[in-house]
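Asker: Residue numbers (our numbering): 208 to 451.
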Ligand SMILES: [Zn+2]
């Protein structure tokens, strides 16, 4: 009789344990299946950006996604030519050429090193007329100044493949550049005209455009020449885009 009672109690205990375990299991699965991911919990508000687009809340903290930056330019992964008939003009100093004073295609040469940009020459009939320089991308005008080696210099910030790039336009007639620092220069708009040969605007050089595309921002972007070939990795060959 005693054995029967113990057996019954044991059976009930095991049964209760199973029910309890099943309950916990069931609760866990149901609870786990109902877990709400963080993003769905964000309210469906939208914030209007300066460029007219809208962004929603996102992430575990439900903060607004960043607005597309106007200053970083937009839709400018493709560059356009800065001058008419651009490909015909690259006759002296292409991107990456090693310039030495004695052997340079330009005499008298003042510079030496690897050329970080592409030089676009002027045609003989352009010596006394204004030659317009176009913005190769859309982006903000960052620098407009007279710089040693360049004369009139304009630096524009754009993006290429989503990354910031600095576009250098060297040897411009500064007086012809009507935009101000901070203005957005639209792709294809006229930035200004080339400086006259052997003038302050070309820092004594021939009439031509030096176009450089530096990966990123910073003062290194205005270097026209670098001492080692490895340093060219910081620039993009403009002709890949604009010498078609
Ligand atoms: Zn140059």
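Glycine included, every Cβ here is placed at the ideal spot set by N, Cα and C. A quick note: this is a predicted structure, and the numbers were derived from the prediction, not measured.
Express the C-alpha separation of residue 448 and residue 527 in angstroms, rounding to a whole number.
Answerer: Since the first and last residues shown for the chain are 208 and 451, residue 527 lies out of range.
Asker: Would residue 357 and residue 444 qualify as a contact pair, given that the criterion is a beta-carbon distance under 8 angstroms?
Answerer: No. Outside cutoff.
Asker: To the nearest angstrom, report how far apart residue 336 and residue 439 are at their CA atoms.
Answerer: Near 34 angstroms, if we compare the C-alpha coordinates of residue 439 and residue 336.
Asker: Judging by CA-CA distance, which residue of 263, 300 and 252 is the nearest neighbour of residue 319?
Answerer: Residue 319 has its Cα closest to that of 300, out of 263, 300 and 252.
Asker: Alpha carbon to alpha carbon, how far is residue 287 from residue 398? Give it in angstroms, no decimals.
Answerer: Cα to Cα, the separation comes out at about 13 angstroms.
Asker: Kindly indicate which residue of 266, 253, 340 and 420 has the alpha-carbon position closest to the one of residue 393.
Answerer: Measuring from the Cα of residue 393, the nearest candidate turns out to be 340.
Asker: Mark residue 377 as exposed unless 16 or more other C-beta atoms lie within 10 angstroms of its C-beta, in which case mark it buried.
Answerer: Flag for residue 377 reads buried.
Asker: Under 7 angstroms: does the beta carbon of residue 452 sit that close to some heavy atom of ligand 1?
Answerer: An answer regarding residue 452 cannot be provided, because it is not within the stretch 208 to 451 covered by the chain.
Asker: Can you tell me which of the three DSSP states residue 238 falls into?
Answerer: Its pLDDT being 41, under 50, residue 238 is placed unreliably in this model, and the value from its coordinates should be taken loosely. The answer is helix: DSSP assigns residue 238 an H, G or I state.
Asker: I believe residue 363 touches residue 349 by the beta-carbon criterion, under 8 angstroms. Please report the beta-carbon distance rounded to the nearest angstrom.
Answerer: Rounded, the Cβ-Cβ distance is 6 angstroms, consistent with contact.
Asker: Pull up the DSSP beta-bridge partners for residue 271, would you.
Answerer: BP columns for residue 271 point to 264.
Asker: Looking only at DSSP bridge pairs, what is residue 348 linked to?
Answerer: In DSSP, residue 348 forms a bridge with 363.
Asker: Identify every residue that forms a DSSP beta bridge with residue 421.
Answerer: According to DSSP, which records beta bridges pairwise, residue 421 is partnered with 373 and 442.
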